[in-house]
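What follows is a set of notes on a single structure, which appears directly below.
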Ligand code: NDP
């Protein structure tokens, strides 16, 4: 079997167009959705992600602004900036690019973002909302994965979904979203015994570990749908996922490549959450 490739670029283009229509509707009413991105330090990967996010906002015609702060910024100064953005009418969404420097407490920062502007969905209120099946801002990466699965008509209800990785930004929310759609969900971590026994049982396998090519063909059930969230830069400069694409594509029925799989969807769903925030702020429903 050779898997069909899930084309994240194509799907994200289609989904971005849908959100452009919703943004245009708001603009006709004089409302320009706005996103503020805060980046601290000069981590090249973070810079690249932020550039791509801003580019996506431009494509959809949103207002966006970047607050580029030095690595030694104090926690107080950062929190002050967030408080100011919380009050700004022109800003509907606020995103703080992670990871933060060690001297800054992530949870304090994420908790300071007004929950109605928390387009990453990391504020504890929004985490709780997701957990109880009432997501306000679904976290962008799993939100993008769900949209991609829907585009390719992947059945979810009753399927066994196995997620490798339990981070707050990918693995855990991914598990909750799949559970919400009636999948039977298993979450594996670095402590899981006999990982292959679990992954080889998956109808849908989502991998988010940051371990280059750790999932091999033997980990995958023939015909499974394989979603590779990982983005790893090798010493050669090549970008690879957490899945051994060349080996696994001969076993899976559908597979995401890296790059060009989950990454573009994550960015698109950030745009979606920003438009949703602006619709809520303005009181206009999508079809007003
Ligand atoms: P984290 O480092 O926060 O979490 C990694 C998770 O993988 C942990 O739960 C860890 O387990 C688990 N893990 C590590 N090694 C193994 C192993 N050998 N077997 C099973 N589980 C293991 O990473 P993130 O979730 O933030 O990111 C994961 C990857 O996804 C990275 O490559 C990142 O760059 C990428 N990413 C891509 C995005 C996109 O848009 N495509 C968005 C966000 C992230 P434990 O908890 O026990 O330590």
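Residue numbers (my numbering): 42 to 329.
Backbone N, C-alpha and C define an ideal beta-carbon position, used for all residues, glycine too.
**Helix, strand or coil at residue 72 according to DSSP, with G and I counted as helix** = coil
**Asked** Does the beta carbon of residue 132 fall short of 7 Å from some heavy atom of the ligand NDP?
**Response** no
**Helix, strand or coil at residue 56 according to DSSP, with G and I counted as helix** = helix
**Message:** With H, G and I counted as helix, E and B as strand and the rest as coil, what does DSSP make of residue 164?
**Reply:** Coil at residue 164, not helix or strand.
**Item:** Closest by C-alpha distance to residue 54, when choosing among 96, 44, 91, 88
**Value:** 96
**Asked** Does DSSP put residue 106 in a helix, a strand or coil?
**Response** Strand.
**Exposure of residue 164, with buried meaning 16 or more beta-carbon neighbours within 10 Å** = buried
**Prompt:** What runs of the beta strand (DSSP E), each 3 residues or longer, lie entirely inside the region 123-163?
**Reply:** 134-137
**For residue 249, the first and last residue of its enclosing beta strand (DSSP E)** = Run containing residue 249: none; DSSP gives neither H nor E here.
**For residue 295 and residue 195, believed in contact at Cβ under 8 Å, the rounded distance** = 7 Å
**Prompt:** Using the C-alpha atoms, what's the distance from residue 192 back to residue 293?
**Reply:** 17 Å
**Message:** Just to confirm before moving on: does the CB-CB distance between residue 174 and residue 221 stay below 8 Å?
**Reply:** Their beta carbons are under 8 Å apart, which means residue 174 touches residue 221 by this criterion.
**Message:** Please report the distance separating the alpha-carbon of residue 231 from that of residue 243.
**Reply:** 18 Å
**Request:** Please go through the region 192-217 and give each complete beta strand (DSSP E) segment of 3 or more residues, from N-terminal end onward.
**Result:** Entirely contained in the region 192-217, the beta strand (DSSP E) runs reaching 3 residues are, in chain order, 201-205.
**Request:** Given a cut-off of 8 Å, decide if residue 284 and residue 254 are closer than it, judged by their beta-carbon atoms.
**Result:** yes
**Asked** Skipping 5 residues on each side, what residues in its chain have a beta carbon closer than 8 Å to that of residue 238?
**Response** none
**Request:** Considering only heavy atoms of the ligand NDP, list every residue whose Cβ is less than 6 Å from one of them, following chain order.
**Result:** In chain order, the residues that have a beta carbon nearer than 6 Å to some heavy atom of the ligand NDP are 182, 205, 206, 207, 208, 210, 211, 212, 229, 230, 231, 232, 233, 236, 249, 250, 251, 252, 255, 270, 271, 272, 273, 303, 304, 307.
**Asked** Along the chain, where does the beta strand (DSSP E) that runs through residue 101 open and close?
**Response** Run containing residue 101: none in the beta strand (DSSP E); it sits in the alpha helix (DSSP H), 85-101.
**Asked** Considering residue 269, what are the terminal residues of the alpha helix (DSSP H) in which it resides?
**Response** If you look at residue 269, you'll find it isn't in any alpha helix (DSSP H); it sits in the beta strand (DSSP E) that goes 266-269.
**Asked** Is DSSP giving residue 118 helix, strand or coil here?
**Response** helix
**Prompt:** Which residue or residues does DSSP assign as beta-bridge partners of residue 77?
**Reply:** 106, 135
**Check whether residue 181 and residue 297 have beta carbons under 8 Å apart** = no
**Message:** Given this structure, state the Cα-to-Cα distance separating residue 172 from residue 128, to the nearest angstrom.
**Reply:** 27 Å
**Message:** Please classify residue 62 as buried or exposed, where buried requires at least 16 neighbouring CB atoms within 10 angstroms.
**Reply:** Residue 62 is exposed by the Cβ-count criterion.
**Asked** Per DSSP, residue 256 is paired with what?
**Response** 284
**Message:** So, does the region 73-84 touch the region 208-228, judging by three or more C-beta pairs under 8 Å?
**Reply:** No, they do not touch.
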